[in-house]
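K.L.:
Chains W and R, in that order, are what the protein sequence lines are.
Take 10 as the starting number for the first sequence in the numbering used here and just add one per residue.
Take 269 as the starting number for the second sequence in the numbering used here and just add one per residue.
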Amino acid sequence: QQQVRQSSQSLTVWEGETAILNCSYENSAFDYFPWYQQFPGEGPALLIAIRSVSDKKEDGRFTIFFNKREKNLSLHIKDSQPGDSATYFCAASRNAGAKLTFGGGTRLTVRP
Amino acid sequence: GPKVLQIPSHQIIDMGQMVTLNCDPVSNHLYFYWYKQILGQQMEFLVNFYNGKVMEKSKLFKDQFSVERPDGSYFTLKIQPTALEDSAVYFCASSPGGDGNTLYFGEGSRLIVV
């Protein structure tokens with residue numbers, strides 16, 4: 010049973026478009042949801058995160074929309090750039106120190 | 269940002285031999301983790317560690333696996349003996365704990381068991 014699920018394994022958008030990456034989760038006890046960006050050959054790097062008390066978090070071109078009732082969230086990348094091409098992981102955890110449970114990742118390709 | 273260092277970056281080892289993967293976590297971080305990733309796919313949780321003890325481990329953390337952080341030095345993952353299915357990239361992470369749960373990952377140690 011996958012506790013964190015990302016609906017698309019891959020997504021392709023044109024430069025300048027908004028990329029939307031979706032994620033859903035099973036465990037109602039999850040209260041912290043980070044998104045990680047990973048380039049080939051590198052470790053995942055934190056991009057943006059949200060707590061379950063919020064429904065939106067924005068940081069520059071990146072925005073998380075969170076729906077606690079539906080147990081889903083999405084990452085919007087505005088004005089996508091070719092340099093945003095990477096794999097994006099949705100993750101969730103319950104409390105400080107607890108493990109992060111990752112989704113399967115979405116490989117984003119931004120075409121110039 | 270904070271840096272987690274992993275040594276070695278890659279290693280090829282014969283099946284049945286022992287391997288130790290080393291992690292230098294962010295200083296003052298309290299929680300430490302190992303994850304396994306195959307072919308750039310899902311990050312699979314192996315184990316987390318706090319105050320000298322394993323907090324939680326997954327089914328992937330077989331009996332042949334062990335972790336320790338002697339005297340606050342490297343946080344290590346040891347596999348003895350190795351098996352072919354242990355071939356993967358192993359990522360170490362550390363976290364300060366507290367509000368939220370931001371994990372900072374290293375660049376990974378690519379292990380190839382032949």
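Note that CB positions come from ideal geometry on N, CA and C, so glycine has one too.
No experiment lies behind these values; they were computed from the predicted model shown.
Please name the residue or residues paired with S295/R in a DSSP beta bridge.
P.N.:
Answer is none; S295/R lacks a bridge partner.
K.L.:
Report the three-state DSSP secondary structure of P43/W (helix, strand or coil).
P.N.:
strand
K.L.:
Find the residues of chain W that neighbour T370/R, judging by a C-beta separation of less than 8 Å, and give them in chain order.
P.N.:
Scanning chain W for C-beta atoms nearer than 8 Å to the C-beta of T370/R yields P43, L55, A58, reported in chain order.
K.L.:
Indicate whether the contact test is met: 3 or more Cβ pairs, each with one atom in the stretch 294–305 of chain R and one in the stretch 363–374 of chain R, closer than 8 Å.
P.N.:
Yes: the two stretches touch, three or more of their Cβ pairs being nearer than 8 Å.
K.L.:
Would T118/W pass as a contact of T21/W if the rule is Cβ separation under 8 Å?
P.N.:
yes
K.L.:
Would you say F313/R and S326/R are within 8 Å of each other, going by their C-beta atoms?
P.N.:
yes
K.L.:
Assuming I280/R contacts I347/R (C-beta within less than 8 Å), just tell me the rounded distance between them.
P.N.:
Rounded, the Cβ-Cβ distance is 14 Å, inconsistent with contact.
K.L.:
Taking beta-carbon pairs under 9 Å, can you tell me which members of the stretch 86–119 of chain W lie near chain R?
P.N.:
Going along the stretch 86–119 of chain W in chain order, one finds T96, F98, A100, S102, R103, N104, A105, G106, A107, K108, L109, T110, F111, G112, G113, G114, R116 with a Cβ nearer than 9 Å to chain R.
K.L.:
Any C-beta of chain R sitting closer than 8 Å to the C-beta of G52/W?
P.N.:
yes
K.L.:
Tell me which same chain residues have a C-beta within less than 8 Å of the C-beta of R120/W, skipping the five on either side of it?
P.N.:
T21, V22, W23, E24, P91
K.L.:
Does any residue of chain W have a CB that is nearer than 8 Å to the CB of G248/R?
P.N.:
Because residue 248/R is not part of the residues shown, which for chain R are 269 to 382, the question remains open.
K.L.:
Please report how far the alpha carbon of K330/R lies from the alpha carbon of D88/W, in whole angstroms.
P.N.:
Spanning the two alpha carbons is a distance of roughly 44 Å.
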